[in-house]
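Structure, rendered in structure tokens:
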């Protein structure tokens with residue numbers, strides 16, 4: 001079963017992250033690198049990507065004339081995707097357990113960030129929606 | 001440059017999609033499949049993935065006694081990721097043009113859904 005683990009944050013969260021000390025950032029990055037290596041070593045790793053800054057995000061809607069209508073205006077409360085991991089595991093419990101490890105990544109002063117990680121199964125086909 | 005095109009919706013939005021007629025759903029999926037085929041032919045396609053029903057989503061917040069702390073309580077207004085496309089293109093404008101085509105995919109009665117598609121570049125590492 002494939003699951004996606006999503007770490008999200010508001011623009012305010014990203015701003016606060018960008019002000020972490022170099023030492024705090026290094027500790028967090030080192031943890032994440034170790035976390036990814038662990039996923040690869042245990043054979044559950046499928047894919048992972050980090051996303052660019054939310055202030056570069058765009059929202060696109062179809063226009064009347066077929067041209068895309070673009071804006072970058074979002075509510076302050078919007079949760080932006082920061083990073084995701086896709087894993088292939090035996091059970092949802094295993095996915096939650098791995099998500100908890102990512103959630104425990106160190107924040108300022110080395111304390112666990114306890115960032116909420118959203119865990120969702122990914123579809124192998126549209127039939128998984130029961131349609 | 002790699003971009004991710006994110007399609008999101010609330011639980012109410014998903015419920016409304018689940019209530020579409022089979023014909024409307026088939027027409028919608030046929031357009032999305034056509035976009036996927038065009039992207040594969042132009043060499044811009046990387047991957048696409050749909051996500052399962054938001055009702056099965058869980059939030060995990062750290063660990064307690066070695067066990068993950070989970071809950072599934074979300075505000076009604078929460079935007080859940082429904083699916084995404086990853087494309088490799090030359091410009092942000094091209095990524096937005098592809099997102100526009102996805103947004104124009106037909107909904108009930110063949111009317112474009114005009115769903116908002118979030119366009120994000122991947123972090124450079």
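Protein chains in written order, with the numbering used here: chain A, 1 to 131; chain B, 1 to 125.
For each residue, glycine too, the CB sits at the ideal point set by N, CA and C.
**Report entry** Through-space distance from residue 120(B) to residue 59(A), alpha-carbon basis
**Finding:** In this structure, the CA atom of residue 59(A) is about 9 Å from the CA atom of residue 120(B).
Query raised in the report: So which residues on chain A does residue 73(B) lean against when the C-beta distance must stay under 8 Å?
Result: Within chain A, no residue comes near residue 73(B); the closest Cβ sits about 11 Å away, beyond 8 Å.
Report task. Taking residue 92(A) as part of the alpha helix (DSSP H), name the residues at either end of that continuous run. Result -> Membership of residue 92(A) in the alpha helix (DSSP H) is indicated by the continuous run 92-103.
**Report entry** Best match in 80(A), 67(A) and 1(A) for proximity to residue 57(A) [C-alpha to C-alpha]
**Finding:** Residue 57(A) has its Cα closest to that of 80(A), out of 80(A), 67(A) and 1(A).
Query raised in the report: Got a sec? Which residues, its chain only, sit under 7 Å from residue 54(B) by beta carbon, not counting five neighbours each side?
Result: Taken in chain order, the residues that qualify are 11, 14 and 80.
Query - Inter-residue spacing [alpha-carbon to alpha-carbon] between residue 64(A) and residue 99(B) - result: The straight-line gap from Cα to Cα measures roughly 14 Å.
Query raised in the report: Buried or exposed: residue 75(B), going by 16 or more other Cβ atoms within 10 Å of its Cβ?
Result: By the Cβ neighbour-count rule, residue 75(B) is exposed, with fewer than 16 other Cβ atoms within 10 Å of its own.
Requested in this report: Would you tell me roughly how many angstroms separate the C-alpha atoms of residue 29(B) and residue 59(B), rounded to the nearest one?
Outcome: Residue 59(B) has its alpha-carbon roughly 29 Å from the corresponding atom of residue 29(B).
**Report entry** Candidates 89(B), 57(B), 32(B) and 63(B): closest to residue 44(B) by CA position
**Finding:** Closest by alpha carbon: 89(B).
Query raised in the report: For residue 47(B) versus residue 102(B), is the C-beta spacing smaller than 8 Å?
Result: Here residue 47(B) is not near residue 102(B), since their CB atoms are 8 Å or more apart.
Query - From 68(A), 22(A) and 27(A), residue whose alpha carbon lies closest to that of residue 93(B) - result: The option with the nearest alpha carbon to residue 93(B) is 68(A).
Query raised in the report: Is the number of C-beta pairs between the region 66-74 of chain B and the region 32-46 of chain A that are closer than 8 Å three or more?
Result: With contact defined as three or more Cβ pairs closer than 8 Å, the region 66-74 of chain B and the region 32-46 of chain A are not in contact.
Report task. Could you check if residue 62(B) is buried or exposed, using at least 16 other CB atoms within 10 Å of its CB as the buried criterion? Result -> Residue environment analysis places residue 62(B) among the buried positions, since at least 16 neighbouring C-beta atoms fall within 10 angstroms of its C-beta.
Query raised in the report: Does the beta-carbon distance from residue 87(A) to residue 45(A) come in below 8 Å?
Result: Their beta carbons are under 8 Å apart, which means residue 87(A) touches residue 45(A) by this criterion.
Query raised in the report: For residue 143(A), which option in 110(A), 85(A) and 126(A) has the closest C-alpha, if you only look at C-alpha atoms?
Result: No answer is possible for residue 143(A): it lies beyond the span of chain A, which begins at 1 and ends at 131.
Report task. Show which residues of chain A have a CB atom less than 8 Å away from the CB atom of residue 59(B). Result -> Ordered by position in chain A, the residues that pass the 8 Å Cβ test against residue 59(B) are 116, 117, 118 and 119.
Query raised in the report: From 64(B), 36(B), 84(B) and 106(B), pick the residue whose C-alpha is nearest to that of residue 66(A); which is it?
Result: It is 106(B) whose Cα lies nearest to the Cα of residue 66(A).
Query raised in the report: What in chain B is Cβ-close to residue 42(A), meaning under 8 Å?
Result: Ordered by position in chain B, no residue passes the 8 Å Cβ test against residue 42(A), which lies about 16 Å from the chain.
Query raised in the report: Who are the Cβ neighbours of residue 9(B) in its own chain at under 6 Å, not counting the five residues just before and after it?
Result: Excluding residues up to 5 positions away in sequence, 82 lie with their Cβ nearer than 6 Å to the Cβ of residue 9(B) in the same chain.
**Report entry** Proximity to residue 42(A) [Cα-Cα], best of 52(A), 89(A) and 27(A)
**Finding:** Of the candidates 52(A), 89(A) and 27(A), the one whose C-alpha sits nearest the C-alpha of residue 42(A) is 89(A).
Query raised in the report: Listing by chain order, which chain A residues have their CB less than 8 Å from the CB of residue 117(B)?
Result: Per Cβ cutoff of 8 Å: 59, 60 and 61.
**Report entry** Expected contact under 8 Å - CB spacing of residue 123(B) and residue 9(A) to nearest Å
**Finding:** Not a contact, Cβ separation roughly 13 Å.
Query raised in the report: In the DSSP assignment, what residue or residues form a beta bridge with residue 51(B)?
Result: Residue pairing of residue 51(B) in beta bridges, as defined by DSSP: 122(A).
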